[in-house]
Amino acid sequence: MLFVITVPLAYTVFGIIIGLLVLLLLAKSLLGIVVIGEMQVGVVAKKFSRRNLAAGRLIALEGEAGYQADTLAPGWHFFLWPWQYSVTKEPVVIVPQGEIGLVVANGGEPIPPSHILAREIDCDNFQDARAFLTKGGEKGRQIGMLTAGTYRINTALFTVITQRTAGSMGMMPEELFIYRVAPDAVGIVTTLDGVPITPGEIAGPVIPNHNNFQDAQAFLSAGGSRGLQEQILLSGSWNLNPWFARVEQVPMTEIPIGHVGVVISFVGKPAVDVSGADFTHGNLVEVGHKGIWATPLYPGRQPLNTHIMKVELMPTTNIVLNWAVRTEAHHYDDSLSSITVRSRDGFSFNLDVAQIIHVAALDAPRVISRVGSMKNLVDHVLEPIVGNYFRNSSQEFTVLDYLTNRAERQREASAYIRTALQEYNVQAVDTLIGDIVPPAQLMTTQTDRKLAEEQRKTYEVQQAAQTQRQALVRETSIADIQNSLVQSEQGVNIAELQANAQVKKVRGEAEAAKLRAGGEAESTRLRAIADSEATRLRGVGEAEAIRAIGNAKAEAYRVGVEALGTREFTGLQLMQIIGDRQVKIVPEVQANGGASGTGGGLVEALIGLLAQQQTAQLGAPAPVAAPPPPPPAADVPPTTSDSKEL
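Numbering (the numbering used here), first residue to last: 47 to 692.
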């Protein structure tokens with residue numbers, strides 16, 4: 047039962063969906079529904095109307111038949127019945143980063159004959175076609191352009207050229223990129239639209255407030271001129287309309303170290319001379335005026351428009367110019383050569399001259415105003431001044447004067463040329479005369495004369511040498527004889543010196559003997575006095591000692607007597623004396639006078655005495671040799687005290 051109910055329901059739902067689709071299709075036609083996507087713009091063309099467009103008009107503003115000025119934004123739009131309107135869905139215009147978009151208007155007012163590009167109209171970057179047409183927008187190439195971004199543009203009125211479509215529109219793709227000026231370059235601008243340049247001028251004046259030609263309309267509104275412009279573009283990226291401006295990149299003007307740049311401007315404010323009344327060789331003007339600028343440019347890179355001004359480099363270091371076969375690295379002296387002069391004695395010869403000059407930085411504009419360039423200064427000023435001076439002055443001197451007095455000639459030339467160049471605002475540092483090439487005939491004569499003179503001098507020297515040799519031989523002989531004479535004289539002198547020395551030696555010995563005798567006598571006297579005093583002191587000491595010993599013994603005897611008594615103490619003293627002195631009370635050999643044999647006789651006594659002496663000698667220690675007596679003092683007589691002691 048459920049299955050039977052479900053199937054009819056499905057058919058019903060399907061039928062409803064089909065009906066809605068059919069209704070939708072019918073509604074699109076009946077209601078005129080048009081759906082525009084997010085990245086689309088609807089361009090509407092009305093197929094018929096009660097009013098037609100005026101002659102020469104392409105876009106309808108009042109509902110006339112044809113392309114309509116208003117476009118359709120993204121979303122749903124009604125009542126655009128297909129039987130009356132044709133809607134074209136165009137993609138939005140996208141200008142990528144780093145590119146620009148150029149616009150061509152297919153409708154609008156005609157461009158005036160004096161204009162090249164259509165003037166810019168405030169129309170929301172060409173997205174408001176109605177505003178463009180109602181405000182007087184002109185057909186053709188537009189001076190306005192599109193920068194990077196997305197735009198909803200009525201493609202029936204405007205054609206947008208981008209880098210991708212440039213080839214089909216007769217343009218180079220690189221023209222649609224943002225213009226970039228290199229860091230070491232400047233962009234010289236030539237505009238293709240504007241008022242004509244003022245007669246007598248070669249470039250348009252600087253126009254303010256146009257954002258470096260990026261706002262072309264502001265440039266034209268301020269009276270900008272077409273053609274070459276004074277203003278330049280510096281390094282960077284610029285949104286430039288290639289239909290309006292062309293740019294040529296040129297290197298920056300480099301002023302080397304040791305130079306200044308004198309600017310000759312062909313454009314600018316009217317020339318007003320600031321050089322002063324004393325300078326009558328041209329006009330100098332302030333910076334920004336037409337003419338030669340009184341202030342030079344100093345070393346560095348200068349962003350100059352070289353199409354409207356010229357820079358003359360002027361060296362400010364010392365410059366050497368050679369009137370010779372060689373040239374310097376600056377090549378200012380390429381046209382100079384050795385100076386041919388004629389002397390007073392009629393000889394022609396060549397001079398090599400080097401001139402050192404210096405131009406001050408502030409004098410450089412005056413020099414350029416007077417002569418035009420450094421090369422002209424050398425060719426038109428220095429060459430005639432230096433050359434004519436040496437040609438004129440050489441006629442006052444002979445060739446030999448130049449050869450022998452070149453330093454003086456050089457000082458004179460330096461002083462003259464320094465004064466002459468001051469009139470041209472040039473400082474002459476020094477003038478140097480190099481090689482002098484005299485005539486060959488004159489040099490041959492001088493050489494022969496010099497050789498003859500040298501030979502004469504040689505002969506004189508040889509003669510002097512012979513004379514000197516003779517004198518040497520004579521002096522040598524005298525010296526040989528003088529040797530013996532000197533030896534004899536020296537022998538006499540030596541003998542005299544030896545005799546004097548012997549006399550002085552004898553005198554010295556006698557004096558020494560006298561002094562020695564006096565010294566010995568004084569020594570003997572002092573020694574005698576010392577011995578006498580010593581004997582006296584020794585006697586006094588011994589007497590005192592004996593007295594002290596006696597007193598001590600007397601005191602001892604007194605105490606002994608008091609203790610033992612006189613008799614007993616006396617016996618004790620005797621026994622002590624016998625013991626101390628080893629007095630023998632019993633004899634060691636006894637001889638009897640009898641002959642009976644009972645006792646010893648005289649013979650036995652003698653024999654015993656001899657045996658005792660032998661025993662004593664065997665037991666006695668060996669004798670020690672006595673030291674030898676000291677030698678007597680030389681030449682000193684013994685004193686009385688010494689004799690007594692001996």
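Quick reminder that beta carbons are idealized off the backbone N, C-alpha and C, glycines included.
Practice problem: Please go through the stretch 323-395 and give each complete beta strand (DSSP E) segment of 3 or more residues, from N-terminal end onward. | Solution: 337-339, 346-348, 355-361, 365-369, 385-388
Exercise. Give me the Cα-Cα distance between Val586 and Asn546, rounded to the nearest whole angstrom.
Key: Taking the first residue of the sequence shown as position 1, residue 586 is located at position 540. Taking the first residue of the sequence shown as position 1, residue 546 is located at position 500. So the alpha carbons of these two residues sit roughly 60 Å apart.
Quiz item: Within the chosen definition, does the stretch 254-262 reach the stretch 366-385 through at least 3 CB pairs nearer than 8 Å?
Solution: no
Quiz prompt | 8 Å CB neighbourhood of Ala231 in its chain, flanking five on each side removed | solution = Reading the sequence shown from its first residue, position 185 is the one you call residue 231. Scanning its chain for C-beta atoms nearer than 8 Å, with the 5 sequence neighbours on each side dropped, one finds around Ala231 the residues Ser281, Gln295, Val296, Pro297, Met298, in chain order.
Practice problem: With Arg187 as the anchor, note down where its beta strand (DSSP E) starts and where it stops. | Solution: For the purposes of this step, residue 187 is taken as residue 141 along the sequence shown, with counting starting at 1. Note, Arg187: beta strand (DSSP E), 186-192.
Practice problem: Please classify His426: does DSSP put it in a helix, a strand, or coil? | Solution: Looking up residue 426 in the sequence shown gives position 380. His426 falls in the helix class under three-state DSSP.
Quiz prompt | DSSP three-state assignment for Tyr470, whether helix, strand or coil | solution = In the sequence shown, the residue the question calls residue 470 occupies position 424. Tyr470 falls in the coil class under three-state DSSP.
Self-check item: Within 8 Å, strictly: CB atoms of Ile224 and Ser283
Solution: Start at 1 with the first residue of the sequence shown, and residue 224 comes out as number 178. Start at 1 with the first residue of the sequence shown, and residue 283 comes out as number 237. Cβ distance < 8 Å, so Ile224 and Ser283 count as in contact.
Exercise. Would you mind sorting Lys550 into buried or exposed? The rule is 16 or more other CB atoms within 10 Å of its CB.
Key: As a first step, residue 550 is located in the sequence shown; it is residue number 504 there, counting from the start. Exposed: under 16 other Cβ atoms inside 10 Å.
Quiz item: Below 8 Å between beta carbons: does that hold for Asn396 and Val483?
Solution: Locating residue 396 in the sequence shown gives position 350, counting from the first residue. Locating residue 483 in the sequence shown gives position 437, counting from the first residue. For Asn396 and Val483, yes; Cβs fall inside 8 Å.
Quiz item: Would Ala119 pass as a contact of Phe204 if the rule is Cβ separation under 8 Å?
Solution: Position 73 of the sequence shown, counted from the first residue, corresponds to residue 119. Position 158 of the sequence shown, counted from the first residue, corresponds to residue 204. No, the Cβ-Cβ distance between Ala119 and Phe204 is not below 8 Å.
Practice problem: Could you tell me which of Arg97, Leu163, Arg176, Ile79 sits nearest to Ser132, measuring between CA atoms? | Solution: On the sequence shown, residue 132 is found 86 positions in, with the first residue counted as 1. Measuring from the Cα of Ser132, the nearest candidate turns out to be Ile79.
Quiz item: What does Lys92 pair with, by DSSP beta-bridge criteria?
Solution: Counting from one through the sequence shown, the residue named residue 92 turns up at place 46. Looking at the DSSP assignment, Lys92 forms a beta bridge with Gly112, Tyr131.
Quiz item: Measuring CA to CA, which of Ala177, Gly273, Met191 is closest to Ile105?
Solution: Numbered from its first residue, the sequence shown carries residue 105 at position 59. The shortest C-alpha separation from Ile105 is found at Ala177.
Quiz item: For Ser311, which three-state DSSP category applies?
Solution: Taking the first residue of the sequence shown as 1, we reach residue 311 at position 265. Here Ser311 sits in strand by DSSP.
Quiz item: For the stretch 407-421 against the stretch 306-323, are there 3 or more C-beta pairs whose distance is under 8 Å?
Solution: yes
Self-check item: Cβ neighbour criterion (16 or more within 10 Å) applied to Met621
Solution: Mapped onto the sequence shown, residue 621 falls at position 575. Answer is exposed; the Cβ neighbour count stays below 16.
Exercise. Give the secondary structure of Ser530 by DSSP, where H, G and I count as helix, E and B as strand, and everything else as coil.
Key: On the sequence shown, residue 530 is found 484 positions in, with the first residue counted as 1. Looking at Ser530 - three-state DSSP - the assignment turns out to be helix.
Self-check item: Nearest-angstrom Cα separation, counted from Gly240 out to Lys372
Solution: In the sequence shown, the residue the question calls residue 372 occupies position 326. In the sequence shown, the residue the question calls residue 240 occupies position 194. Just to set this straight, residue 372 is Arg in the shown sequence, not Lys. Between Arg372 and Gly240, the C-alpha separation is close to 56 Å.
Quiz item: If you follow the alpha helix (DSSP H) that Phe265 is part of, which residue opens it and which one closes it?
Solution: In the sequence shown, counting from the first residue as 1, residue 265 sits at position 219. Note, Phe265: alpha helix (DSSP H), 262-267.
Quiz item: Around the C-beta of Tyr57, are 16 or more other C-beta atoms found within 10 angstroms, so that it is buried, or is it exposed?
Solution: One-based indexing of the sequence shown puts residue 57 at position 11. Label assigned to Tyr57: exposed.
Self-check item: Gly611 (DSSP reduced to helix, strand or coil)
Solution: Taking the sequence shown and counting its residues from 1, one reaches residue 611 at position 565. Three-state result, Gly611: coil.
Quiz prompt | For Met420, the three-state DSSP class (helix, strand or coil) | solution = Walking along the sequence shown from the start, residue 420 turns up at place 374. Met420 falls in the helix class under three-state DSSP.
Practice problem: Just tell me which of Gly334, Ile301, Ile575 has its CA closest to the CA of Val357. | Solution: Locating residue 357 in the sequence shown gives position 311, where the first residue counts as 1. The shortest C-alpha separation from Val357 is found at Ile301.
Quiz item: When the Cα atoms are used, what is the spatial distance from Ser95 to Asp168?
Solution: On the sequence shown, residue 95 is found 49 positions in, with the first residue counted as 1. On the sequence shown, residue 168 is found 122 positions in, with the first residue counted as 1. Taking the straight line from one Cα to the other gives about 30 Å.
Quiz item: What's the gap between the Cα of Ser440 and the Cα of Gln275?
Solution: Within the sequence shown, residue 440 is the residue found at index 394, counting from 1. Within the sequence shown, residue 275 is the residue found at index 229, counting from 1. One C-alpha to the other measures close to 57 Å.
Quiz item: So, are the CB atoms of Arg292 and Leu222 less than 8 Å apart?
Solution: Locating residue 292 in the sequence shown gives position 246, where the first residue counts as 1. Locating residue 222 in the sequence shown gives position 176, where the first residue counts as 1. No.
Quiz item: Which residues bound the alpha helix (DSSP H) around Phe178?
Solution: Mapped onto the sequence shown, residue 178 falls at position 132. Note, Phe178: alpha helix (DSSP H), 175-180.
Practice problem: Please work out which residues of its chain come closer than 6 Å, Cβ to Cβ, to Ala268, disregarding the five sequence neighbours upstream and downstream, and give them in chain order. | Solution: Counted from its first residue, the sequence shown places residue 268 at position 222. Beyond the five residues adjoining it in sequence on each side, Ala268 comes within less than 6 Å, by CB distance, of Ile253 in the same chain, given in chain order.
Practice problem: Quickly, what does DSSP pair Pro297 with across the bridge? List them, please. | Solution: Translated into the one-based positions of the sequence shown, residue 297 becomes position 251. Ala231.
Quiz item: Along the chain, where does the beta strand (DSSP E) that runs through Thr196 open and close?
Solution: If you number the sequence shown from 1, residue 196 lands on position 150. Run containing Thr196: 195-197, per the beta strand (DSSP E) assignment.
Quiz item: Taking just the CA atoms, how far does Leu583 sit from Asp681?
Solution: Within the sequence shown, numbered from 1, the residue matching residue 681 stands at position 635. Within the sequence shown, numbered from 1, the residue matching residue 583 stands at position 537. With a pLDDT of only 43 at Asp681, under the threshold of 50, the placement of this residue in the model should not be trusted, and no figure is reported.
Quiz item: Who does Thr117 pair with in a DSSP beta bridge?
Solution: In the sequence shown, the residue the question calls residue 117 occupies position 71. Note: Thr117 sits in a beta bridge opposite Val89.
Quiz item: Which stretch, first to last residue, makes up the alpha helix (DSSP H) that contains Leu274?
Solution: Within the sequence shown, the letter at position 228 stands for residue 274. No alpha helix (DSSP H) holds Leu274; the beta strand (DSSP E) holding it covers 273-279.
Quiz item: What does DSSP give as the partner residues of Pro137 in its beta bridges?
Solution: For the purposes of this step, residue 137 is identified with residue 91 of the sequence shown, where counting begins at 1. Gln86, per the DSSP bridge assignment.
Quiz item: Are the beta-carbon atoms of Met191 and Ile146 separated by less than 8 Å?
Solution: The residue labelled residue 191 in the question sits at position 145 within the sequence shown. The residue labelled residue 146 in the question sits at position 100 within the sequence shown. In contact: Met191 and Ile146 (Cβ atoms closer than 8 Å).
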